[in-house]
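In my numbering, the protein residues as written are 1211 to 1465. Glycine included, every Cβ here is placed at the ideal spot set by N, Cα and C. No experiment lies behind these values; they were computed from the predicted model shown.
So this is what it looks like as structure tokens:
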């Protein structure tokens, strides 16, 4: 039986009096790609950030490999109770952000090596070999010694993906990985994500790119105003949407 790498049950998240997530359930089984779609403000990115504990949620369960996150406090005061557990989970869920978040003063190779060496305390020589392998994998192995400012946006995002892979995570989380890119650069990143999907990596992708979601996902979740409006296999969601809201959303995003 496939284990669930990430499982979220009845998740509620508020910023003060604004409730952003209103009881959401998602499951990312090992080797599956789950895409989160929905209009801006629907809670997609917040859900992703709650999954890897960058944001605290006020209610509900977050589980990683069937291990529930332990909490202390309630409501807006709820926080993870076990810092070691939080760090362990977060290092196993590598996040790729919309804005590449590369260190400007470090070369691309140094950027990719930084977290495995400083956070995971891995041997720098091993990490360097691994970093070079992942930079080759995303197609920028020749850019090891340049700085982020010397790369295009698409190359910077591919470097950010190599950095995430170098942590050897159990799952990759993508938060709108192509939305800051020009269309021609977007395709470079889409290709890398598709290649990762074919390798059977566990991924949760927040995306505005419906074609990407349709092509790579095992399961698609459509969020609307903090709730799951509809979910299912891509061919059902995109081919035969059942709710009026999803039909409306897809008609607006069709190019």
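DSSP three-state assignment for residue i, whether helix, strand or coil
| i | result |
| --- | --- |
| residue 1433 | strand |
| residue 1342 | helix |
| residue 1177 | Not covered by the structure: residue 1177. The range shown for the chain is 1211 to 1465. |
| residue 1318 | helix |
| residue 1302 | helix |
| residue 1238 | strand |
| residue 1214 | strand |
| residue 1185 | Look at the range of the chain in this structure, 1211 to 1465, and you will see that residue 1185 is not part of it. |
| residue 1259 | helix |
| residue 1422 | helix |
| residue 1297 | helix |
| residue 1406 | helix |
| residue 1352 | helix |
| residue 1311 | coil |
Beta-bridge partners of residue i, as assigned by DSSP
| i | result |
| --- | --- |
| residue 1222 | 1232, 1269 |
| residue 1278 | 1273 |
| residue 1416 | 1246, 1385 |
| residue 1290 | 1281 |
Beta carbon of residue i nearer than 8 Å to that of residue j
| i | j | result |
| --- | --- | --- |
| residue 1430 | residue 1444 | yes |
| residue 1317 | residue 1354 | yes |
| residue 1240 | residue 1212 | yes |
| residue 1252 | residue 1435 | yes |
| residue 1367 | residue 1391 | yes |
| residue 1385 | residue 1305 | yes |
| residue 1220 | residue 1271 | yes |
| residue 1233 | residue 1222 | yes |
| residue 1475 | residue 1359 | Any answer about residue 1475 is impossible in this case: the structure gives the chain only from 1211 up to 1465. |
| residue 1342 | residue 1349 | no |
| residue 1399 | residue 1364 | yes |
| residue 1330 | residue 1301 | yes |
| residue 1295 | residue 1279 | yes |
| residue 1376 | residue 1323 | yes |
Of the residues the options, the one placed nearest residue i, counting alpha carbons only
| i | options | result |
| --- | --- | --- |
| residue 1298 | 1415, 1369, 1263, 1385 | 1263 |
| residue 1250 | 1453, 1442, 1419 | 1419 |
| residue 1235 | 1458, 1422, 1257 | 1257 |
Complete runs of the beta strand (DSSP E) confined to the segment 1357–1404 [at least 3 residues]: 1381–1385
Enumerate, from N- to C-terminal direction, the unbroken beta strand (DSSP E) stretches of 3 or more residues contained entirely within the segment 1437–1463. 1437–1442
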